[in-house]
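Taking it in order: structure first as structure tokens, then the write-up.
In this note's numbering, the protein residues as written are 155 to 600.
Here it is as structure tokens:
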């Protein structure tokens, strides 16, 4: 992700009404997924071995408009050089909040991307609309399996039994900590469990850090809540996508812990969006949970700050952390041209295998062989992947973003702002979520 605004926007827009309307329009007013896109079987299979057809130009859409942009451009330029005279990839960047609503209508009009990067929680929505082509033949021809990738991110690319993506990376939350602050209380690393975290925060207050751990009510509060929910053994949604489960006892415990950080005086109340990160950056906060995409920002814009990065603490008993991923997908627009299909699949394969450059953007490469590269292995974010079993992803439910933004995120904010108890906020949120899930079942026909 590119910057604070883009991060918030893509998550908040994941199922926004504007996109839903666009998808419905593309579907001719019927169920989303009953559109006229060519069926997946119409796409020629991929046999590997590069590309031998006539020269083609591929439009490649992505949302890498910030500090990650130069790294992706370098990868595209390297590919274009290798395939000069055969394939030209046009790197088209748009902010995520613009890219997602534009894709369905642009593809329907033949003016969209041939290949794109999307986040894992969009795969189900676009696959249900048939704007994507399955990539099972690609992974079969290349003999790619779960063993080649972080297992959870590999699984996240499957919808209705078919693979629709090849993962490029994983990006999730980490626990950033101020070295000077922790040294004051005799620590050389961040505390790793509930008891030691509470002890450290209390000691930091005694050492003169008035509010060492600010608790946001918006970004990234919902990501913290999901991490804590999974740590306590809870789940977000039922397997059939019909019910929200985050109002469970595990959810109440997770959200209660967040509120307790304010009650204990470790955080001021009503922390505005992104101010917890700004306070950490300015040396006022001792610990903060934020995404690994902040690594390059801290290096560039807080050069005097001495900081470390550790996995988020295990508060609930089971190590788990919210994660997302950037995924290559092939669109139904490209599916109308067999040569574009072959060229796009060659591009996806090449960039996935050679994503060492992408690790420099602050991401964790999804491909095991890339993470094991000595040029990558010592990067700070890669240390968070020592136990890949902790990464947890949103399920591939069509329209899940609507449920997140209109129910879960609002429930978390209401509790953290003390407008309702954690139990009350979650109960109300789940009622809203279940209605949205039912609407999505009707809308997407599944």
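Each residue gets a CB set at the ideal place from its N, CA and C atoms; glycine is no exception.
No experiment lies behind these values; they were computed from the predicted model shown.
Check, Outcome
"CB contact flag (residue 449, residue 385, <8 Å)", "no"
"Contact belief for residue 398 with residue 588 at Cβ below 8 Å, rounded distance in angstroms", "6 Å"
"Burial state of residue 211, where buried means 16 or more other Cβ atoms lie within 10 Å", "exposed"
"Cutoff 6 Å; reference residue 475; Cβ partners in own chain excluding five residues on either side", "326, 327, 381, 466, 544"
"Burial state of residue 222, where buried means 16 or more other Cβ atoms lie within 10 Å", "buried"
"Opening and closing residue of the beta strand (DSSP E) in which residue 390 lies", "From DSSP, residue 390 is part of no beta strand (DSSP E); its letter is neither H nor E."
"Rounded straight-line distance, which links the Cα of residue 447 to that of residue 515", "8 Å"
"8 Å Cβ cutoff met for residue 233 and residue 501", "yes"
"Residue 482 vs residue 230 beta-carbon contact at 8 Å", "no"
"Beta-carbon spacing of residue 580, residue 405 below 8 Å", "yes"
"Environment of residue 340 [buried if 16+ CB atoms lie within 10 Å]", "exposed"
"Inter-residue CB distance, residue 604 and residue 552 (contact presumed, cutoff 8 Å)", "For the chain, the structure presents residues 155 to 600; residue 604 sits outside this window and is missing."
"Burial state of residue 192 (16 or more Cβ within 10 Å)", "With a pLDDT of only 41 at residue 192, under the threshold of 50, the placement of this residue in the model should not be trusted; the figure read from the coordinates follows. Burial call: exposed."
"Closest Cα partner of residue 347 within the set 472, 239, 400", "472"
"Sub-8 Å separation of residue 277 and residue 319 beta-carbons", "yes"
"Identity of the residues DSSP links to residue 244 by a beta bridge", "213"
"Cut-off 7 Å between Cβ atoms - residues of its own chain near residue 573, not counting five sequence neighbours on either side", "none"
"At least three beta-carbon pairs within less than 8 Å, the region 524–531 to the region 244–259", "no"
"Close Cβ partners of residue 334 (< 7 Å) along its chain, the five nearest in sequence each way excluded", "460"
"Residue environment, residue 568, which counts as buried when at least 16 other CB atoms sit within 10 Å", "buried"
"8 Å contact criterion, which residue 356 and residue 338 should meet: CB distance rounded", "Incorrect: roughly 13 Å between the Cβ atoms, too far for contact."
"Exposure of residue 597, with buried meaning 16 or more beta-carbon neighbours within 10 Å", "buried"
"Every unbroken alpha helix (DSSP H) within the region 509–589, with a cutoff of 4 residues, ordered by chain", "510–513, 522–525, 528–531, 554–557, 563–570"
"Reduced DSSP category for residue 396 - H, G, I as helix; E, B as strand; rest coil", "coil"
"Contact test: residue 354 Cβ vs the ligand NAD heavy atom, cutoff 7 Å", "The ligand NAD is absent from the structure shown, which contains no ligands of any kind."
"Continuous alpha helix (DSSP H) stretch holding residue 462: start and end", "Note, residue 462: premise wrong, no alpha helix (DSSP H); beta strand (DSSP E) at 461–464."
"Cβ-based burial, residue 156 [other Cβ within 10 Å; buried from 16]", "In this prediction, residue 156 has a pLDDT of 43, which is less than 50 and means its spatial position is unreliable; what the coordinates show is noted afterwards. Counting Cβ neighbours within 10 Å, residue 156 comes out buried, since at least 16 surround it."
"Identity of the residue in 430, 330, 435, 274 nearest residue 454 by Cα", "435"
"Under 8 Å between C-beta atoms of residue 443 and residue 378", "yes"
"Residue 388 versus 517, 479, 403, 374, residue with shortest Cα-Cα distance", "403"
"Where residue 299 falls, given that 16 or more other Cβ within 10 Å makes a residue buried", "exposed"
"Contiguous alpha helix (DSSP H) assignments of at least 4 residues, all confined to the region 297–325", "305–309"
"First through last residue of the beta strand (DSSP E) which encompasses residue 442", "441–445"
"Contact with chain B by residue 267, beta-carbon distance below 8 Å", "Of the chains in the structure shown, none is chain B; there is only one protein chain."
"Residue interval of the alpha helix (DSSP H) (run including residue 486)", "From DSSP, residue 486 is part of no alpha helix (DSSP H); its letter is neither H nor E."
"Rounded separation between residue 491 and residue 323 - CA only", "28 Å"
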